[in-house]
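S.K.: Just passing along the structure, written as structure tokens.
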Amino acid sequence: LTNVYIEHGVSHDKGIEADGFNTDIGNNSSPLFFSKPTVSNMTIVGRGSATENEAVRLRAGTQGIFNNVLIQGFTEAFDLDGNMGDSPTGQGVIDGDLSASDVTLVDVLINVKNDTEYTFDESDFLSGIGNGTGADYANWSAGWTRN
């Protein structure tokens, strides 16, 4: 995905929630595989850090590479969930298969929340703090009608 702009609505609690596999039926692939998107030039605008919302929730073994990200107005920027069993989200961070680079966080209380059972430093996942500009959405939506 490239040039992603998300504006958080009143009734929403996450900008993005990504699962590495369909958690309703299980990861039935052999060998096991997990989704691994590349997301570049992304802006997520929330309703303020006091809302207790998450900008990006990555769980169930999700992998992915995020580059040039701007997150504004969330309690948590990135919430990583998983375990050492069938949802090894944290292993993706350790292996370099899950990361975020060139990220700017504005009005965010927690940069990375690690609920994966794996031990890693925030810097193993997040780098280039303050370097993200996000999606250049000022002109690409010209002429669109917003409902």
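So the number in this note's numbering is just where the residue sits in the sequence shown, counting from 1, plus 272. Note that beta-carbon positions come from the ideal geometry of N, C-alpha and C, so glycine has one too. Remember, it's a predicted structure, so these values are computed and weren't measured experimentally.
1) Of the residues D369, T347 and V328, which one's Cα is nearest the Cα of Q335?
2) Take S312 and list the residues in its own chain whose beta-carbon comes closer than 6 Å to its own, dropping the five residues that flank it on each side.
3) Just to confirm my understanding: we take K286, look at its own chain, exclude 5 residues before and 5 after, and list those with CB closer than 6 Å. What are they?
4) Under the rule that 16 or more other beta-carbon atoms within 10 Å means buried, what is L381, buried or exposed?
5) Please give the ranges of any alpha helix (DSSP H) in the segment 362-418, keeping only runs that are unbroken, at least 4 residues long and fully inside the region.
6) Work out the CA separation of I366 and H284 for me, nearest whole Å.
M.R.: The structure says:
1) D369
2) T274, N339 and N340
3) E326 and R329
4) exposed
5) Counting whole runs of 4 or more residues, the segment 362-418 contains the alpha helix (DSSP H) stretches 394-397 and 409-412.
6) 30 Å
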